[in-house]
Each structure stands twice: as C-alpha cells, then as structure tokens.
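**Q**
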Amino acid sequence: MTDRTGGRFAAVAYPVGLVVAGLGALQWIPLVTALVRGEWTIALVFLTGSSTTILCGGAVALAFARHRGRKLGWSEGMAVTALSWFFGMLFCALPYYLSGGYLSYLDACFDVMSGLTTTGLTLIQDLDHVSDGVNMWRHLLTWLGGQGIVVLALAFLFKGTNGAYKMYVGEGKDERLTPNVVNTARSIWIISLVYLGVGTAALWGAGIVAGLPPGRAFLHGLWIFMAAWSTGGFAPMSQNILYYHSLVFEVTTAVFFLIGSFNFALHYAVLSGQRSEIRKNLETVTFSITVVVLTLVASAGLMRDGVYPDAIALFRKGFYQLISGHTTTGFMTVYARQFYHEWGDLALFALIVAMLLGGSACSTAGGFKALRVGIIVKSFARDVRKLGAPESMVTVVRIHHVRDTQLDDASIRGAMLIVFAYIATFSAATLAGMLYGIPFAQSAFESASVTGNVGLSIGVTAASMPDGLKIVYLVTMWLARLEFLSILALGATLLRNGRRR
Amino acid sequence: MKTRTKNALLGVAAEIGFAGLLVLAGLLISLFFAR
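Chains A and B supply the protein sequences, listed in that same order.
Taken in order, the first sequence gives residues 1 to 501; the numbers are from my numbering.
Taken in order, the second sequence gives residues 502 to 536; the numbers are from my numbering.
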C-alpha cells in the first residue's frame with residue numbers, strides 16, 4: 001500500500017471508528033429498557049453487543065486518532081459515510097443475532113439495514129413475542145437512520161467541520177439549513193426531538209383510545225412515532241398498524257408520517273416563522289399533486305374491481321396504503337398477500353409508482369423525491385414552451401424551494417441522473433427477483449419497495465427467501481438510501497487503490 | 502412566550518394542518534368513488 005493510499009485509509013478509518021463506537025453507546029438505550037422491564041437475558045445481550053461495538057470502533061478511532069485533522073476529499077468524505085453504514089450494520093446486528101430472534105446473521109444484518117435505511121421490511125421470527133429491549137433497538141435504529149447516523153455523529157461526536165459537508169452529502173442530504181453543516185445537523189436533531197415529544201404524546205393518546213393499557217400505549221406510541229417520523233414502517237406487532245383496528249390511530253400515524261416525509265429545510269423554514277413556505281414550496285406542491293392523482297387512480301382501480309365495499313374501507317385500506325407507500329413509510333393495514341390476491345393491476349400500478357416517487361429530498365423518506373420530480377416536470381414544460389416560441393427568445397424558469405431560484409441545466413441534469421439511477425436499480429432488483437423465480441408483478445412490487453426504502457410487502461420478503469435475494473435487497477436498500485453516490489465513490493476508491501498496488 | 506418558541510409551535514401546527522388536509526383529500530376522494 002502506498003503512503004498516499006495508507007494516509008487516505010487512515011483519514012477515513014478515524015471517523016468510521018468513531019461512528020461505530022457511537023452506535024455501540026446507543027445500545028445502552030435498549031439495555032436500560034431491558035433492565036427496566038426485567039428482561040435480564042436481553043440486557044446481557046445488549047451489554048455484550050454494546051461492549052464489543054464500543055471496543056472495536058473505539059480501538060480503530062484511537063489507532064488512527066492522529067489523522068483526525070487530515071483534510072477529507074470528496075471521495076474520502078463519501079467513503080466515510082458508506083463504510084460507517086456498512087460496519088454499523090455489522091455491529092448493530094450483533095444484539096439482534098444474540099437475542100435469538102433471527103435464523104442467521106445475514107437475516108439480522110438485513111433487518112439492521114432495513115431499519116437504518118428506513119425501509120421497514122423484516123425477517124424477524126415471532127415478532128409478537130419479541131422483548132421490549134429488542135423492539136426498542138429496532139425502532140431506535142430506524143429513527144436514527146431517518147435523520148442519518150453520520151448526521152447524528154456530526155451533531156454530537158465530531159469536533160470541527162473538516163470534511164463534514166462531504167460526509168453529510170454522502171448520506172443523501174445535500175441542503176444546508178444553516179451556513180454551518182454541524183449546526184445544520186444539530187437543527188435536524190432539534191426538529192426531530194420536538195416532533196418526538198409531540199408525536200409520542202399524540203400516539204400515546206390514540207393508543208389508549210384504541211384500548212391499550214396506558215403503559216403499553218406509551219411504548220407503542222413511542223415506537224410507532226419513531227417509525228412514522230422516519231418513514232420507516234417497523235411496528236411492534238406482526239399485523240403492523242392493522243393490529244390496532246383504530247381509525248384514530250391510523251389517521252394520527254398518517255399525519256406524522258406525512259410530516260416525516262417533508263424536507264428538513266422546509267421544517268426549518270416553517271418552524272422559524274416562514275409558514276407560507278408550506279404552500280409555496282415546489283416540493284410540497286408536487287407531492288400534493290402526485291398524492292391526489294395516484295389516489296384517484298388507485299381508488300378507481302379498487303372500486304372498479306369491487307375490492308372495498310364503502311368509502312371508509314376504501315379510505316382506511318386503499319388511501320392509507322397509498323400514502324404509506326408514497327411517503328415511503330411502509331405501515332400496513334392489510335395483509336401482504338391481499339395486495340396480490342385482491343388489489344388488481346390498476347391499484348398495484350398506482351402503488352408501485354407512488355413507492356418509486358417517494359417523499360421529499362433531504363428528509364427521512366426515500367424514492368426519486370418530489371423536488372426532483374418537480375424540477376424534471378418544470379424543465380419538460382419549459383422545453384415544450386420553447387418549441388412554440390421564436391428561436392431568439394430566452395426562457396427563464398423560476399422555482400421556489402425555500403427561496404426563489406432560477407432553474408439551471410446543472411439542477412436538471414442532477415435530478416435526471418438520480419432518477420435514472422433509481423430506475424436502473426429498480427429494474428435490476430426486479431430482474432434479480434425474476435431470476436429467483438418470482439413472477440414479474442410481485443418482483444416489481446417488492447423491488448419498488450426496497451428501491452424506494454418503503455417497506456410495503458407483497459409477501460416476497462421472508463426469512464425463507466434465498467440468501468442471494470436477501471443480499472440483493474440489502475444492497476439495494478443501502479444504495480438507494482445513500483442515493484448511490486457515496487457507495488459508488490467507495491467502489492471507485494477501492495478500485496483505484498487496487499490498481500495502484 | 503419567546504418569539505422562537507411561538508414560531509416553532511405555530512410551525513408544528515401548520516405542518517400538522519397541511520398533513521391533515523392531505524388526509525382529508527384522501528377521505529373526500531374515497532367518498533367520491535364510493536358514492
């Protein structure tokens with residue numbers, strides 16, 4: 001290994017070690033939960049997981065601590081993010097596996113990646129009897145993943161801002177809420193903590209209304225809020241949101257996962273007093289239009305096929321699944337196989353499109369993102385207008401996203417490239433499913449769910465599916481959540497280093 | 502009440518209101534199709 005390569009590795013190793021050690025420290029939360037609930041074996045599991053993770057991450061960080069002042073380039077900054085997620089997954093899976101809830105370490109890794117990427121697909125065994133400690137860890141992981149584990153580290157662990165913006169961009173968030181990226185990371189966490197209080201209180205109340213005992217309603221409210229805000233989709237019961245059989249609970253979760261799918265820059269503007277931003281922003285306008293259009297298509301399909309008998313059933317099953325998919329949350333009020341046996345092609349088509357479109361950029365949501373869809377539609381409209389205008393005419397298109405900006409070719413190209421990458425990944429995952437013998441429609445549905453980090457399932461994702469397909473889905477979730485660039489940058493760095501040797 | 506706290510509370514209310522409107526739109530569409 002050349003000096004240059006070695007120096008680059010050392011510069012990347014220190015922050016990755018620190019992030020991993022931080023994830024080990026976070027295991028104290030489920031550890032305390034297990035102790036409070038008297039789950040002694042599970043407490044021991046988290047003590048083992050936490051100690052191992054802190055020791056390994058801390059040892060790497062200490063070994064390379066003298067390189068912490070080194071300036072990180074774009075490829076190194078992005079590699080830090082990609083590697084933090086990869087090693088974070090390996091270590092966070094340890095308590096899952098030791099708890100005995102998974103058939104293999106791969107299944108445990110799948111669930112960690114599903115949680116961190118806010119996808120919400122799960123391979124856990126006997127979810128209805130899982131301990132409170134493990135449930136706390138599942139929902140904590142999805143909550144942390146929504147904000148971003150590197151964003152968390154930037155907000156609370158790293159001193160200084162060297163390479164911070166590159167790591168931040170590597171995590172699929174490219175908007176600064178404040179000029180300083182560390183303050184941006186802290187603002188993201190403050191907004192999330194404000195909503196944690198509001199949302200948990202609301203869902204606690206909704207849980208009591210649904211008939212849960214107050215103590216249980218609090219834990220369920222906290223966990224479901226964490227999953228809703230992160231557009232994650234995990235729930236403590238195997239029937240997901242259907243378990244509660246409550247319209248109040250469903251509407252409350254819908255409100256919070258819709259808010260969770262909004263851009264953090266929008267949250268920051270609205271919570272700072274710019275409340276009109278919510279109706280002027282290109283992203284919220286685009287999102288509202290696609291929600292309405294796709295709800296019309298799905299409802300038309302469901303009613304044509306006579307799937308639901310009345311308006312309330314259509315609202316609680318059809319609309320709920322659609323916005324759950326569109327916000328990339330993945331909460332369900334139907335059983336997975338009902339999509340296949342009952343829903344019909346038109347409604348499934350609307351749901352697949354909704355899952356691919358996704359929520360907002362710089363949010364907890366996945367998918368193409370409404371901002372990119374809005375930019376592409378605006379640029380398309382501009383080009384159509386140009387066709388009918390004199391050749392000498394210069395067309396300027398303005399968009400409003402927090403502030404007024406002129407739509408330039410670089411933004412359009414950037415939006416199109418990411419959308420293209422999503423479509424290519426979706427196609428590849430669909431093809432992989434078909435190679436494993438899954439019919440086209442089911443494979444397309446499940447791969448739209450993993451590519452959009454959604455979590456709705458048509459029944460393909462199960463512990464019994466082939467290991468190869470689990471790995472394909474796991475990598476797809478990772479690629480899509482980090483919006484491709486950091487993992488491609490990591491791949492390019494590894495290739496370059498390999499050639500130099 | 503401090504202006505920052507007031508803005509934050511009104512902002513949370515505005516976002517909940519906007520999300521509520523989207524949910525209401527879904528209910529109205531469901532009512533329309535189930536007539």
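Even for Gly, the Cβ is constructed at its ideal location relative to N, Cα and C.
The structure presented is a predicted model; accordingly, all values stated were derived computationally and were not measured.
Between Met1(A) and chain B, is there a C-beta pair that is closer than 8 Å?
**A** On the first sequence, residue 1(A) is found 1 positions in, with the first residue counted as 1. Per-residue confidence for Met1(A) stands at a pLDDT of 42, beneath the threshold of 50, marking its modelled position as unreliable; no derived number is given.
**Q** Near Gly459(A), which residues of its chain fall below 6 Å by C-beta distance, leaving aside the five closest residues on each side in sequence?
**A** As a working note, residue 459(A) is residue 459 in the first sequence. So the qualifying residues of the chain are Ala336, Arg337.
**Q** If you count every other CB in all the chains shown that lies within 10 Å of the CB of Phe420(A), and 16 or more means buried, which is it?
**A** If you number the first sequence from 1, residue 420(A) lands on position 420. With fewer than 16 Cβ atoms within 10 Å of its Cβ, Phe420(A) is classed as exposed.
**Q** Mapping the DSSP letters down to three states, classify Asp126(A) as helix, strand or coil.
**A** Locating residue 126(A) in the first sequence gives position 126, counting from the first residue. Assigned with DSSP and collapsed to three states, Asp126(A) falls in coil, not helix or strand.
**Q** Are Trp478(A) and Ile471(A) close, meaning C-beta to C-beta below 8 Å?
**A** Taking the first residue of the first sequence as position 1, residue 478(A) is located at position 478. Taking the first residue of the first sequence as position 1, residue 471(A) is located at position 471. Contact flag unset, no.
**Q** Can you give the beta carbon distance from Ser363(A) to Asn263(A), rounded, assuming they're within the 8 Å contact cut?
**A** The residue given as residue 363(A) occupies position 363 in the first sequence. The residue given as residue 263(A) occupies position 263 in the first sequence. The beta-carbon separation of Ser363(A) and Asn263(A), rounded to 5 Å, stays under the 8 Å limit for a contact.
**Q** Please confirm whether Asp310(A) has its beta-carbon closer than 8 Å to some beta-carbon of chain B.
**A** Taking the first residue of the first sequence as 1, we reach residue 310(A) at position 310. Asp310(A) counts as touching chain B.
**Q** So, using beta-carbon positions, are Thr430(A) and Ala444(A) closer together than 8 Å?
**A** Along the first sequence, read from residue 1 onward, the residue named residue 430(A) stands at position 430. Along the first sequence, read from residue 1 onward, the residue named residue 444(A) stands at position 444. Against a cut-off of 8 Å, the Cβ pair of Ala444(A) and Thr430(A) comes out as a contact.
**Q** Whose C-beta lies closer than 8 Å to the C-beta of Arg37(A) among residues of the same chain, with five residues either side of it excluded?
**A** Position 37 of the first sequence, counted from the first residue, corresponds to residue 37(A). Contacts found: Ser131, Asp132, Gly133.
**Q** Ile278(A) touches chain B at which residues, Cβ-Cβ below 8 Å?
**A** Along the first sequence, one-based indexing puts residue 278(A) at 278. Simply Ala515, Glu516, Phe519.
**Q** In chain order, what residues of the same chain have a beta carbon less than 8 Å from the beta carbon of Asn183(A), not counting five sequence neighbours either side?
**A** For the purposes of this step, residue 183(A) is taken as residue 183 along the first sequence, with counting starting at 1. Cβ neighbours of Asn183(A) beyond the five flanking positions: Leu177.
**Q** Looking at the secondary structure, which residues open and close the beta strand (DSSP E) in which Gly406(A) lies?
**A** Translated into the one-based positions of the first sequence, residue 406(A) becomes position 406. The amino acid at residue 406(A) is misidentified as Gly; the sequence shows Gln. Unbroken beta strand (DSSP E) run through Gln406(A): 403-406.
**Q** Look up Arg398(A) in the DSSP assignment and give the residues it is bridged to.
**A** The residue you call residue 398(A) lines up with position 398 of the first sequence. Partner(s): Gln406(A).
**Q** Within the same chain, show all residues whose beta-carbon is closer than 6 Å to that of Thr200(A), passing over the 5 residues directly before and after it, in chain order.
**A** Walking along the first sequence from the start, residue 200(A) turns up at place 200. Within the same chain, Thr200(A) has close Cβ partners Gly221, Leu222, Phe225.
**Q** Show which residues of chain B have a CB atom less than 8 Å away from the CB atom of Val292(A).
**A** Numbered from 1 along the first sequence, position 292 holds the residue referred to as residue 292(A). Those are Ala526, Ile530, listed as they occur along chain B.
**Q** Quick check on DSSP: helix, strand or coil for His341(A)?
**A** Sequence index remark: in the first sequence, residue 341(A) carries index 341 (1-based). Three-state result, His341(A): helix.
**Q** With distances taken Cα to Cα, identify the nearest neighbour of Leu103(A) among Leu94(A), Gln125(A), Ala410(A).
**A** For the purposes of this step, residue 103(A) is taken as residue 103 along the first sequence, with counting starting at 1. Looking only at Leu94(A), Gln125(A), Ala410(A), the smallest Cα-Cα distance to Leu103(A) is reached by Gln125(A).
**Q** Going by C-alpha to C-alpha distance, which of Gly73(A), Leu23(A), Ala34(A), Leu62(A) sits closest to Ser50(A)?
**A** What you label residue 50(A) is simply residue 50 of the first sequence in a count that begins at 1. When each option's Cα is compared against that of Ser50(A), the closest is Leu23(A).
**Q** Out of curiosity, what's the CA-to-CA distance linking Ala155(A) and Asn180(A)?
**A** Reading the first sequence from its first residue, position 155 is the one you call residue 155(A). Reading the first sequence from its first residue, position 180 is the one you call residue 180(A). For Ala155(A) and Asn180(A), the distance between alpha carbons rounds to 11 Å.
**Q** One question on the structure: do Gly455(A) and Thr329(A) come within less than 8 Å of each other, judged by their Cβ atoms?
**A** The residue labelled residue 455(A) in the question sits at position 455 within the first sequence. The residue labelled residue 329(A) in the question sits at position 329 within the first sequence. Cβ distance < 8 Å, so Gly455(A) and Thr329(A) count as in contact.
**Q** Once DSSP output is grouped into helix, strand and coil, what is the label at Asp3(A)?
**A** Here residue 3(A) refers to the residue found at position 3 when the first sequence is read from its first residue. Confidence is the limiting factor: at Asp3(A) the pLDDT is only 49, short of 50, which leaves the residue's position unreliable and the question unanswerable from this model.
**Q** Can you tell me whether Met167(A) is buried or exposed? The criterion is at least 16 other CB atoms within 10 Å of its CB, across all chains shown.
**A** Mapped onto the first sequence, residue 167(A) falls at position 167. Buried.
**Q** Mapping DSSP to helix, strand and coil, what is Ala201(A)?
**A** The residue given as residue 201(A) occupies position 201 in the first sequence. Here DSSP, grouped into helix, strand and coil, assigns Ala201(A) to helix.
**Q** Locate the alpha helix (DSSP H) running through Gly512(B), then write down its first and last residues.
**A** Translated into positions along the second sequence, residue 512(B) becomes position 11. Its alpha helix (DSSP H) spans residues 504-534.
**Q** On the DSSP letters alone, give me the boundaries of the alpha helix (DSSP H) that Leu502(A) sits inside.
**A** An answer regarding residue 502(A) cannot be provided, because it is not within the stretch 1 to 501 covered by chain A.
**Q** Along the chain, where does the alpha helix (DSSP H) that runs through Cys362(A) open and close?
**A** Position 362 of the first sequence, counted from the start, is the residue given in the question as residue 362(A). It is not in any alpha helix (DSSP H) - Cys362(A) carries neither H nor E in the DSSP assignment.
**Q** Just mark His341(A) as buried or exposed, buried being the case when its beta carbon has 16 or more other beta carbons within 10 Å.
**A** One-based indexing of the first sequence puts residue 341(A) at position 341. That one is exposed.
**Q** Output, in sequence order along the chain, the residues in the stretch 245-258 of chain A whose CB is closer than 8 Å to any CB in chain B.
**A** For the stretch 245-258 of chain A, the set of residues with a beta-carbon nearer than 8 Å to any beta-carbon of chain B comprises Val251, Ala254, Val255, Phe256, Leu258, in chain order.
**Q** Three-state secondary structure (DSSP) at Ala480(A)?
**A** Position 480 of the first sequence, counting from 1, holds the residue named residue 480(A). If DSSP states are grouped into helix, strand and coil, Ala480(A) belongs with the helices.
**Q** Output the boundary residues of the alpha helix (DSSP H) element that contains Thr33(A).
**A** Here the question's residue 33(A) lines up with position 33 in the first sequence. Taken as a continuous stretch (DSSP letters only), the alpha helix (DSSP H) holding Thr33(A) covers 28-36.
**Q** Out of curiosity, what's the CA-to-CA distance linking Leu83(A) and Asp310(A)?
**A** Here residue 83(A) refers to the residue found at position 83 when the first sequence is read from its first residue. Here residue 310(A) refers to the residue found at position 310 when the first sequence is read from its first residue. Approximately 50 Å, taken between the alpha carbons.
**Q** Would you mind giving the Cβ-Cβ distance between Leu371(A) and Leu282(A), rounded to the nearest angstrom? I have them listed as a contact below 8 Å.
**A** In the first sequence, residue 371(A) corresponds to position 371, counting from 1. In the first sequence, residue 282(A) corresponds to position 282, counting from 1. About 7 Å; that satisfies the 8 Å criterion.
**Q** Ignoring anything shorter than 4 residues, give me the alpha helix (DSSP H) runs that lie fully in the stretch 281-349 of chain A, in order along the chain.
**A** 282-304, 320-326, 336-341
**Q** Short of 7 Å Cβ to Cβ, which residues in the stretch 322-351 of chain A face chain B?
**A** Result list: Ile323.
**Q** In whole angstroms, what is the alpha-carbon distance linking Leu219(A) and Gly452(A)?
**A** The residue labelled residue 219(A) in the question sits at position 219 within the first sequence. The residue labelled residue 452(A) in the question sits at position 452 within the first sequence. Using only the alpha carbons, I get a separation of about 28 Å.
**Q** Quick one: list the residues of chain B neighbouring Met303(A), beta-carbon separation under 8 Å, in chain order.
**A** Within the first sequence, the letter at position 303 stands for residue 303(A). Residues of chain B passing the Cβ test: Phe534, Ala535.
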